[in-house]
Every structure is written in structure tokens, then in C-alpha cells.
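In terms of the working numbering, the sequence shown opens at residue 517 and continues consecutively. Heads up, the beta-carbon is just placed ideally off N, CA and C, and yes, glycines get one too.
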Amino acid sequence: MKTVTAKPTAETMAPGESVLFDDKKCPAGMIAKFTKAQKRPSVSRRCVHQ
């Protein structure tokens with residue numbers, strides 16, 4: 517999984533793609549994982565351990 521330097525959007529990601537982006541909103545030692553839905557133009561976000 518790749519780490520990106522710009523906040524991912526539904527337009528910049530492929531369906532089912534997941535990327536890591538440090539949006540400074542996760543606890544220490546964690547990073548935000550953004551995943552685009554397969555069939556909808558939506559992106560989910562959750563914190564994961566680096």
C-alpha cells in the first residue's frame with residue numbers, strides 16, 4: 517500500500533484502491549487509511565498502525 521502526500525479523493529483513486537495519508541487526525545503512531553468503494557464514488561477513512 518502506498519503513502520500519498522495529498523489528501524485522496526474519489527476522483528484520484530481507483531475503485532477498491534487503498535492509500536495511506538497522514539492527515540494529522542490519528543493518534544500517535546497511527547496513519548489514516550483511505551479506501552474507495554468498489555461501486556460508489558465514496559471514500560472511507562480509518563486510522564491504522566504504521
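Name the DSSP bridge partner or partners of residue i?
{"i": "V559", "result": "K552"}
{"i": "M546", "result": "H565"}
{"i": "V535", "result": "K518 and F550"}
Using the Cβ count rule (16 or more neighbours within 10 Å means buried), how would you classify residue i?
{"i": "K555", "result": "exposed"}
{"i": "V520", "result": "exposed"}
Are residue i and residue j close, meaning C-beta to C-beta below 7 Å?
{"i": "A530", "j": "P557", "result": "no"}
{"i": "P543", "j": "V535", "result": "no"}
{"i": "A548", "j": "R561", "result": "yes"}
{"i": "V559", "j": "F550", "result": "yes"}
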